[in-house]
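For the sequence shown, the working numbering begins at 5 and goes up steadily by one.
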Amino acid sequence: MSGSATTILDLAGLKCPLPVLRTRKALRALPAGATLVVLCTDPMAAIDIPNLVREEGARLDGAERDGSDLRFTITAFAMPPHS
């Protein structure tokens, strides 16, 4: 199988709870093994998105901050049983 696809989700300017809600929707739409890169500026996302990733059974591969810009790299896995 070739490399997995990468989806970029630009959520800059959106405030809580929109970044986490849109990230959840995008993550659930991806096949297992796909990568989602989330770009946002909401400071609460630094807490909310890692928690969402854990709840969804995905893997947080990276979280970076550059000033007010946040970047999360997430690998999707199969949806958890409660979904």
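From the three backbone atoms N, C-alpha and C, an ideal C-beta is built for every residue, glycine too.
Exposed is the label assigned to D14, since fewer than 16 other Cβ atoms lie within 10 Å of its Cβ. Straight-line measurement puts the Cα of L43 at about 7 Å from the Cα of D73. Cβ neighbours of T10 within its own chain (closer than 7 Å, five residues either side excluded): T39 and V41.
Between I51 and A62, the gap from beta carbon to beta carbon reaches 8 Å or more. Residue range T39 to C44 is occupied by the beta strand (DSSP E) that includes L40.
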